[in-house]
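Working notes, structure below.
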Amino acid sequence: MRKPTIITAVAAVAAAATLLLSGCVAGENASAEAAKSTSGVTQGGTLNIDFATYNPLSLVIKKEGWLEKALKKQNITVNWVQSAGSNKANEALRAGAIDVGSTAGSAALLARANGSTIKTIDIFSQPEWSAIVVGPKSTITSVKDLKGKQIAATKGTDPYFFLLQALEANGLSAKDVTIQNLQHADGWAALQNNSVDAWSGLDPIMANAEKSGAKLIYRNVAFNTYGFLNATESFLASKPDVAQTVVNTYEYARAWALKHPDETASILADVAGIDPAVATKVITERTNLDVSPIPGDAQLKVLKKVGPIFVQSDDVRSQADIDKALSSLLEPSFVKSADPSAIGG
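Below is the structure:
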């Protein structure tokens, strides 16, 4: 099985900026939305954007303050909101609590197929962040052994869809097991206290669990659906210049992270509260940042395999909804126009 590794240099660049303006324009009849100058540059307001331990580029950007520096001239404040999982990022995007959020590709498709008006503006990684995990003393050694067992998984996230694909690949279905819908950290806790027999895990929590003796009984990098950076359609339409700055910053961060893997791992360790050696394993062995950031055919290929499973599991009403979402989810224009040099560190 191939393990993605960090390579040097970035080939393509991405561009999408995410800024929601909340400030009022000066003047008696000012609207609640921040004004734009005659040059089309957004002025004032707040960009609400997430950071997540499963998105290392977001952690680097937040730590280094590049977005704040890039938007300072426009008097735009950056508000960082942590996402505990793709499902939480999707909830925040749908509610308008954030303008830009990090999810797995599968979760982005699920949200779009169920009516969320989001677009994918950048691919932040090609990870192997999901696997089926059992405890140190478990006698379970294969997916087939999970029949009739209790499994923890976070619905609406890649580990959940990883589990469904793993079951299907081994002649089982969700009906053959009992899935406990627990947030990622709670799933690991449930496995530790024997409330479940297995857990469909997510890095970096999963890598940290391995250090405690947990065993990964099933891995398949092909069942992981890329890291998607998504933005609401309303944000992209009203603040395209800010969206471009976000993507410019992501691509600047990608080049920096590829050049500084040790520092990137250190940032992850600090935010996730894990051992630096575990963070290094996540970054160097299970996170491929040297991937084209342009949303396109590579992502559609894997999502087309996942889509029918959504319908079978009743997570999406029909294949027609999947097809419609696949045709409208990806927005490559920002990344194709990306200019990382505009950030400058």
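According to mature numbering (1 follows the signal peptide of the UniProt record, and there is no 0), the sequence shown holds residues -26 to -1, 1 to 319 in order.
C-beta atoms are modelled at their ideal positions from N, C-alpha and C, and glycine is treated no differently.
Residues that DSSP places opposite residue i in a beta bridge
i: P110; result: Answer is none; P110 lacks a bridge partner.
i: L190; result: V107
i: A26; result: N29
i: I125; result: I153, A172
i: F136; result: BP columns for F136 are empty, so no partner.
i: S266; result: S266 is not bridged to any residue.
i: S76; result: L203
i: T223; result: None; T223 has no bridge partner.
i: A210; result: In the sequence as presented, Ala is not what sits at residue 210; that position holds Leu. Note: L210 sits in no beta bridge, so no partner.
i: L21; result: V52
Contacting residues, own chain, Cβ-Cβ under 7 Å from residue i (five flanking each side not counted)
i: A82; result: I92, T94, F202, N204, L303
i: G187; result: P110
i: K36; result: F25, W54
i: K62; result: none
i: Q157; result: A58, G59, T128
i: I179; result: H158, A159, W162
i: R(-25); result: Here the model assigns R(-25) a pLDDT of 37, short of 50, so the residue's position is not dependable, and the following value carries that caveat. Correct list, in chain order: V195.
i: E42; result: V52
Run of the alpha helix (DSSP H) containing residue i, from where it starts to where it stops
i: S116; result: Neither: S116 is in no alpha helix (DSSP H) and is coded neither H nor E.
i: V170; result: Segment: none, V170 is in no alpha helix (DSSP H) and carries neither H nor E.
i: A246; result: 235 to 246
i: T258; result: 250 to 259
i: K62; result: 60 to 69
i: D295; result: 293 to 302
i: Q144; result: The question names Gln, but residue 144 is Asn in the sequence shown. Element bounds for N144: n/a, residue is neither H nor E.
i: D271; result: 271 to 286
i: E42; result: 40 to 45
i: V195; result: Careful: V195 lies outside any alpha helix (DSSP H) and carries neither H nor E.
i: N182; result: 179 to 185
i: Y290; result: Contrary to the premise, residue 290 reads as Val rather than Tyr in this sequence. Per DSSP, V290 belongs to no alpha helix (DSSP H) and is neither H nor E.
i: S307; result: 307 to 310
Sequence-distant residues of its chain with Cβ nearer than 6 Å to residue i (five each side left out)
i: A281; result: Sequence inspection shows Gly at residue 281; the Ala mentioned does not correspond to that position. Excluding sequence neighbours, G281 sits near I296.
i: N182; result: I248, V252
i: T254; result: A239
i: Q273; result: G79, Y200
i: I317; result: W40, A44, N222, T223, Y226
i: I153; result: I125, A127
i: V285; result: Q293
i: K310; result: none
i: N155; result: K129
i: G161; result: A126, W173
Residues near residue i by beta carbon distance below 8 Å, same chain, minus five either side
i: S90; result: N64, L67, R68
i: V15; result: Q48, D215
i: R86; result: I92, A299, S302, L303
i: K121; result: L146, D150, V151
i: Q56; result: D24, F25, A26
i: D271; result: none
Pair within 8 Å by beta-carbon distance, residue i and residue j
i: P133; j: Y226; result: no
i: G79; j: L210; result: no
i: T206; j: D73; result: yes
i: V117; j: N88; result: no
i: L232; j: L190; result: no
i: S174; j: I106; result: yes
i: I283; j: E184; result: no
i: Y192; j: A140; result: yes
Beta-carbon separation (whole angstroms), residue i vs residue j, contact threshold 8 Å
i: E102; j: N198; result: 5 Å
i: D150; j: V256; result: Wrong, their Cβ atoms sit about 31 Å apart, outside the cutoff.
i: F136; j: S104; result: 4 Å
i: S76; j: N22; result: In fact, because the Cβ distance is near 13 Å, the residues do not count as touching under 8 Å.
i: P306; j: P269; result: 5 Å
i: S287; j: L138; result: 6 Å
i: T27; j: A163; result: 16 Å between Cβ atoms; not a contact.
i: V108; j: A148; result: About 18 Å; that fails the 8 Å criterion.
i: L242; j: L33; result: 6 Å
i: L165; j: V290; result: Actually they do not touch by this definition, with Cβ atoms about 28 Å apart.
Continuous beta strand (DSSP E) stretch holding residue i: start and end
i: K93; result: 92 to 101
i: V55; result: 51 to 56
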